[in-house]
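In this text, residue positions in the sequence shown follow my numbering: the first is 5, and each later residue adds one.
Ideal Cβ positions, reconstructed from N, Cα and C, are used throughout, including at glycine.
Bear in mind that the values here come from a model prediction, so they are computed numbers and not experimental data.
Below is one structure, written out as structure tokens, with a few remarks after it.
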Amino acid sequence: MSTLSDPRPASVRAESRGTAAGATAPLEAARAGVHDGLRAIVPVCVGVAPMGVALGALIGASELDPVAALSSSVLVMAGSSELSLLDMSIRGVDALVIVATALLINARFLAYSAALSSWFPTSTRWQRALIALPLVDQMFLVTARDHEQVRRTEAARRRFYAAAAATLVVVWCAAQVSGYLFGALLPEALALDAATPLCLSGLLAVSLKSRRMLASACVGGAATGLLALVAGPGAILLGIAAAVLLVPAGRAS
């Protein structure tokens, strides 16, 4: 409605516009939290998907019950634990040993949970339970980085976390199902030996917070790759040393 045809006084029209703007502000904030969560998790998904495909192919090549094995994608929701569980199950390891190994590998999540409890102090128990289910290294790093860089209300942080977690879970599960269905057609390049470094690369991309950290990662990675030809397993330690010595110290920027 134009101002010429609106019979209301100017003050009333201004108040109406202010009310409408105030009503849209929470909606825009909610959308921002969701969009930020989606944008933050994309680099992680790019690295996680190949490992999910490789794990799905491993399930397809084994004699394990596919329903039980694939359901661990949601129930376990941890790549390293799931890989260990699959490997030991295929080798016929005792169930108690498998459970103990999984608990040991996932012990780090106790520290993650302590941090999350301080980020979601007023969330209900049900909300915290849902937050804890998809808690993996990638989700913790993404949430921690957002907590450091962006000031959000707790509700906005929950929306950020929910959007990122839902995307990661869908990609992880879809990748494993795809690997199970089409694993026989995949090239050797997508084997676990190649997929695991890709997964860790996505984790590294989320962790980089400055140009110096990026330079250290590049120098360390390049040095490790070159030294692996002559140093074997010791190449990783030499690559770390090269990153520390060759990248000048300074403030993170």
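- Task: Could you tell me whether the region 105 to 116 touches the region 75 to 87, where touching means 3 or more Cβ pairs closer than 8 Å?
- Result: yes
- Query: Exposed or buried, aspartate 40, counting other C-beta atoms within 10 Å across all chains shown (16 or more means buried)?
  - Reply: Mapped onto the sequence shown, residue 40 falls at position 36. Buried: at least 16 other Cβ atoms inside 10 Å.
- With a threshold of 16 other CB atoms inside 10 Å of the CB of alanine 119, please say whether the residue is buried or exposed. In the sequence shown, the residue the question calls residue 119 occupies position 115. So alanine 119 counts as exposed.
- Determine, using beta carbons only, whether glutamine 142 and leucine 190 come nearer to each other than 8 Å. In the sequence shown, counting from the first residue as 1, residue 142 sits at position 138. In the sequence shown, counting from the first residue as 1, residue 190 sits at position 186. Cβ distance not < 8 Å, so glutamine 142 and leucine 190 don't count as in contact.
- Message: So within the region 76 to 149, which uninterrupted alpha helix (DSSP H) runs reach at least 4 residues, ignoring any that extend past its ends?
- Response: 83 to 94, 99 to 109, 113 to 123, 129 to 136
- Item | Best match in Phe186, Val101, Glu158 for proximity to serine 121 [C-alpha to C-alpha] | Start at 1 with the first residue of the sequence shown, and residue 121 comes out as number 117. That would be Glu158, whose Cα lies nearest to the Cα of serine 121.
- Item | Environment of threonine 147 [buried if 16+ CB atoms lie within 10 Å] | As a first step, residue 147 is located in the sequence shown; it is residue number 143 there, counting from the start. Burial call: buried.
- Query: proline 54: buried (16+ other C-beta within 10 angstroms of its C-beta) or exposed?
  - Reply: Start at 1 with the first residue of the sequence shown, and residue 54 comes out as number 50. So proline 54 ends up on the buried side.
- Item | Cβ-Cβ separation, glycine 56 to alanine 166 (assumed contact under 8 Å), whole Å | Counting from 1 along the sequence shown, the entry for residue 166 is found at position 162. Counting from 1 along the sequence shown, the entry for residue 56 is found at position 52. 20 Å between Cβ atoms; not a contact.
- Message: Rounded to the nearest angstrom, what separates valine 174 and alanine 44 at their Cα positions?
- Response: Here residue 174 refers to the residue found at position 170 when the sequence shown is read from its first residue. Here residue 44 refers to the residue found at position 40 when the sequence shown is read from its first residue. Roughly 15 Å separates the two Cα atoms.
- Query: Does the Cβ of leucine 100 have 16 or more other Cβ atoms within 10 Å, making it buried, or fewer, making it exposed?
  - Reply: Here residue 100 is taken as the residue at index 96 of the sequence shown, counted from 1. Flag for leucine 100 reads exposed.
- Item | Residue of Val71, Ala168, Gly64 minimising C-alpha distance to leucine 145 | If you number the sequence shown from 1, residue 145 lands on position 141. If we check each option's Cα against that of leucine 145, Ala168 comes out closest.
- Item | serine 182, DSSP secondary structure in three states | Within the sequence shown, the letter at position 178 stands for residue 182. It is helical.
- Run the CB neighbour count on leucine 137, radius 10 Å, all protein chains shown included, and call it buried at 16 or more, exposed below. Within the sequence shown, residue 137 is the residue found at index 133, counting from 1. Leucine 137 comes out exposed.
- Item | Rounded straight-line distance, which links the Cα of isoleucine 63 to that of glycine 183 | On the sequence shown, position 179 is the one that residue 183 refers to. On the sequence shown, position 59 is the one that residue 63 refers to. Near 8 Å, if we compare the C-alpha coordinates of isoleucine 63 and glycine 183.
- Query: From this set, Leu68, Val78, Leu74, which residue's C-alpha is nearest arginine 95's C-alpha?
  - Reply: Taking the sequence shown and counting its residues from 1, the one referred to as residue 95 is at position 91. Answer by Cα proximity: Leu68.
- Item | Outcome for leucine 139 when other beta-carbon atoms lying within 10 angstroms are tallied against a minimum of 16 | If you number the sequence shown from 1, residue 139 lands on position 135. When all chains shown are included, leucine 139 counts as buried.
- Query: Cα separation between methionine 92 and alanine 65?
  - Reply: Within the sequence shown, the letter at position 88 stands for residue 92. Within the sequence shown, the letter at position 61 stands for residue 65. About 15 Å.
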